[in-house]
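In the UniProt record's numbering, the protein residues as written are 1 to 256.
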């Protein structure tokens, strides 16, 4: 039986219930194609005459090509569907319309195999060490309130506990790191935050945080008590990937 480790955070936002916790999954690792091939080889399923990496890349590339031809894809791990946003004029009807005039996306949802695997696993919950540090509960655009999604140049709201960004250390602030290229980072300084409180950090998303997938980290020297500063900055890495703009896998309201 598989096990997912989850960090338990005391929920200080619910006043009617005491000692309740919310859970965030502790990511074991981020696996690429080569990692999955290694797992298959360990099960002695791969053969000497098959290049597993090339096969999986070819399979996924063919899925992308099929989706671009208007097909829905169904696999044990994911299901895909085509989403189209935007409007056309009457004189466009009956003619080919370039995709860049519209917002065309491939939307992914879990497949039956993934659902069954998750249903059969168990969750091992434990308290996060260093409970005096910041904890991110959610990242949203407050104008749409969709989890883990922001809009380029729009408002960003980080909610949680012990978030107040204070201190003089150069690392104090909010750091966005590109999931595609981890050398690309964007820093949001404390002066750009309003409100900058223990439960909410709100700011305008910098233009440098372009459309794509990003990691978010909050670093502060703020202590448990108001006005208290600690010598060593404490950071919290949000375990979810933030999608900025129209990214495959993000479904807007009304989409399948």
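Glycine included, every Cβ here is placed at the ideal spot set by N, Cα and C.
Here the structure is a predicted model, which is why all the values come from computation and not from measurement.
Looking from the CA of residue 244, the closest CA among 112, 144 and 90 belongs to 144. DSSP, read as helix, strand or coil, puts residue 33 in helix. Counting only runs of at least 4 residues, the stretch 130-189 fully encloses no alpha helix (DSSP H) element at all.
Pairing residue 151 with residue 44, the inter-Cα distance amounts to about 44 Å. Fully enclosed alpha helix (DSSP H) runs of no fewer than 4 residues occupy 112-119 of the stretch 101-126, in order along the chain. Linking residue 146 to residue 90 through their CA atoms gives a straight-line distance of about 33 Å. In this structure residue 84 is exposed. Its beta-carbon is surrounded by fewer than 16 other beta-carbon atoms within 10 angstroms.
Segment contact: the stretch 189-200 against the stretch 229-237, fewer than three CB-CB distances shorter than 8 Å; contact not assigned. In this structure, the alpha-carbon of residue 65 lies about 28 Å from that of residue 117. CA-CA distance, residue 185 to residue 178, rounds to 6 Å. Its Cα nearest to that of residue 196, the residue 158 stands out among 98, 207, 158 and 2. For residue 67, the uninterrupted alpha helix (DSSP H) run begins and ends at 52-67, by DSSP. The criterion of a C-beta distance shorter than 8 Å is satisfied by residue 220 and residue 233.
In the three-state reduction of the DSSP assignment, residue 49 falls in the coil class, being assigned neither a helical nor a strand state.
The beta-bridge partner set that DSSP reports for residue 6 consists of 25 and 125. Residue 202 and residue 161 do not touch by the CB rule: their CB atoms are close to 16 Å apart, not below 8 Å. Of the other Cβ atoms in all chains shown, 16 or more fall within 10 Å of the Cβ of residue 80; this residue is therefore buried. For residue 216, the enclosing beta strand (DSSP E) stretches over residues 212-222. For residue 134, the number of other beta carbons within 10 angstroms of its own is at least 16, and it is reported as buried.
Rounded to whole angstroms, the Cβ separation of residue 23 and residue 125 is 6 Å, and the two are in contact under 8 Å. For residue 82, the enclosing beta strand (DSSP E) begins and ends at 78-85.
Relative to the Cα of residue 19, the nearest Cα in the group 26, 25 and 8 belongs to 8.
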